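*Asks:* Below are the structure tokens for one structure; questions will follow.
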Amino acid sequence: MPSTPYIHVRQAGPHDTEVLVGFSAAMAWETEGRRLDLARLRKGTCSMLASSERGFFIVAEYHEDSLHRPVGQLMITFEWSDWRNGTFWWVQSVYVDPAWRRRGIYRSMHQHIVDKATADPTVCGIRLYVEQDNQAAQNVYQRVGLAASGYRVYEQDFVLPKTIDQPSTASE
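Mapping to numbering that gives the first Met the number 0: the sequence shown position 4 is 3, numbers consecutive.
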């Protein structure tokens with residue numbers, strides 16, 4: 000008898016490396032028009048998977064019978080807040096396979112993170128940043144209960160600096 004299809008969200012492990020690298024590269028190209036160095040990305044992904052002090056990845060999988068297909072990912076990194084005596088979880092590297100968008104995949108991953116964070120008394124909140132022109136993603140984040148903060152993010156990126164001719168698209 001066939002099983003009922005469902006989405007399962009779980010913490011990623013080393014066996015997910017190639018899926019995570021593929022999703023992260025696709026996300027960078029789609030949202031910022033950046034082609035990432037895959038060798039560097041793979042090393043960075045492996046470093047995160049090997050070091051829980053840096054953060055962790057989660058993966059959303061579609062399950063039906065014996066089929067387990069990855070359909071989304073996100074990464075959590077940590078920021079200490081002295082004002083709150085707690086840690087913010089930063090949501091990063093969000094990607095949902097285009098064929099699976101608008102099916103609640105991000106909502107499932109977000110709820111998984113909220114449940115995990117609220118169960119940990121050392122976590123004081125969840126934050127994320129989003130490309131300023133990515134209105135589709137901003138709409139999704141607002142629908143799951145996130146609100147724009149009063150902060151703007153500034154950076155000095157030594158590895159992937161912004162260039163004037165870099166396209167920016169508004170896709171999730």
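Virtual Cβ for every residue (Gly too), placed ideally from N, Cα, C. Remember, predicted model here, so these are calculated numbers, not experimental data.
Do the segment 29 to 39 and the segment 57 to 69 meet, that is, are 3 or more Cβ pairs less than 8 Å apart?
*Replies:* Touching, no, given that fewer than three Cβ pairs across the two stretches are closer than 8 Å.
*Asks:* Kindly indicate which three-state DSSP category T76 falls into: helix, strand or coil?
*Replies:* The answer is strand: DSSP assigns T76 an E or B state.
*Asks:* With T30 as the anchor, note down where its alpha helix (DSSP H) starts and where it stops.
*Replies:* Its alpha helix (DSSP H) spans residues 16 to 31.
*Asks:* For S107, name the three-state secondary structure that DSSP assigns.
*Replies:* Three-state result, S107: helix.
*Asks:* So, with DSSP's three-state summary, where would you put V210?
*Replies:* Residue 210 is absent from the model: the chain starts at 0 and stops at 171.
*Asks:* Quick one: using the 10 Å Cβ neighbour count with 16 as the cut-off for buried, is S92 buried or exposed?
*Replies:* Buried, because 16 or more other Cβ atoms sit within 10 Å of the Cβ of S92.
*Asks:* Can you pull the DSSP bridge partners for Q10?
*Replies:* Looking at the DSSP assignment, Q10 forms a beta bridge with I57.
*Asks:* Look at the alpha carbon of A135 and the alpha carbon of A24, and state the distance between them as a whole number of angstroms.
*Replies:* About 19 Å.
*Asks:* Rounded to the nearest angstrom, what separates A169 and D132 at their Cα positions?
*Replies:* Bear in mind that the predicted position of A169 carries a pLDDT of just 46, short of 50, making it unreliable; the figure below should be weighed with that in mind. Spanning the two alpha carbons is a distance of roughly 6 Å.
*Asks:* Does DSSP classify L35 as helix, strand or coil?
*Replies:* L35 falls in the coil class under three-state DSSP.
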